[in-house]
Amino acid sequence: MREHADARGAFADALETFLALPPNVGLFGDACRVTVEEVPLDWSVRTGPPLVTVYDDGGPEHWPIKRDPTIRITVRARGSDLADRVARRVHGYLHDNCPPGIAHIFRTGGSVFVTARDTDTGADMASFTVAAAVLTIETV
C-alpha cells in the first residue's frame with residue numbers, strides 16, 4: 524500500500540538542525556524552537572527563543588506518485604525585526620537545501636513575507652510559503 528509521506532516532519536527536522544548551528548544561534552541569540560502545527564503551551568514570547576512553526580496547507584496530488592503541498596513557515600518572536608530575520612534566513616536555507624524526504628522545492632508558487640501580530644501570544648510573526656513535491660511511500 525502507498526501513502527503520503529509526512530512533509531511537515533521532514534521540514535521541521537531539517538529546520539531544527541539548521542537553526543541549532545552556531546552561526547544561527549549567534550545571529551538570533553539562542554537556538555530557535557521548531558514545532559509542527561501548534562504553538563506549545565510552555566512557549567512564551569517574553570522568555571522563549573523565536574518559535575518556528577511548520578504547517579502543511581495541502582495542495583494537488585498526482586496519485587500514486589506524489590503530492591505538491593504548500594508548506595507554510597511561521598516565525599513568532601519578540602519584535603518584528605527578529606521574526607523577519609529568522610524567516611528570511613529559513614527561506615533562503617530551504618531554497619538551497621531540500622530537506623531529506625522532500626523530492627523538490629519549487630522556485631515559484633510560494634509567498635513571502637507576511638507579517639502580523641499573534642493576538643494569542645503577543646508575538647510578532649513573519650510567514651512565508653514554499654511549494655514542494657513529496658513522493659508517496661510504500662507502507663505495510
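Residue numbers (the working numbering): 524 to 663.
Idealized CB from N, CA, C, for every residue including glycine.
No experiment lies behind these values; they were computed from the predicted model shown.
Return the chain-ordered list of same chain residues with a C-beta closer than 7 Å to the C-beta of Ala639, the five sequence neighbours on each side being excluded. Met648
Can you give me the Cβ contacts of Arg630 inside the same chain, cut-off strictly under 8 Å, excluding the 5 residues immediately before and after it? Within the same chain, Arg630 has close Cβ partners His618.
Between Val657 and Arg599, what straight-line distance do the alpha-carbon atoms span, to the nearest angstrom? 26 Å
DSSP on Glu539, reduced to helix/strand/coil? helix
Rounded to whole angstroms, what's the CA-CA distance from Val548 to Ser634? Just pull it up for me. 26 Å
So who's on the other strand from Asp619, going by DSSP bridges? According to DSSP, which records beta bridges pairwise, Asp619 is partnered with nothing at all.
Which residues does DSSP list as the beta-bridge partners of Arg590? Glu584 and Val657
In its own chain, which residues sit with a C-beta less than 7 Å from the C-beta of Gly645, not counting the 5 before and 5 after it? The residues are Val568.
Presumed contact (8 Å Cβ cut-off) between Thr558 and Thr652, rounded CB distance: Thr558 to Thr652, Cβ: 17 Å. No contact.
So, does the region 621-628 touch the region 526-535, judging by three or more C-beta pairs under 8 Å? yes
Which stretch, first to last residue, makes up the beta strand (DSSP E) that contains Val548? Segment Pro545 to Phe551 is the alpha helix (DSSP H) holding Val548; no beta strand (DSSP E) there.
Excluding sequence positions up to five away, which residues of its chain have a Cβ less than 8 Å from the Cβ of Ala528? Gly624, Val657, Leu658, Thr659 and Ile660
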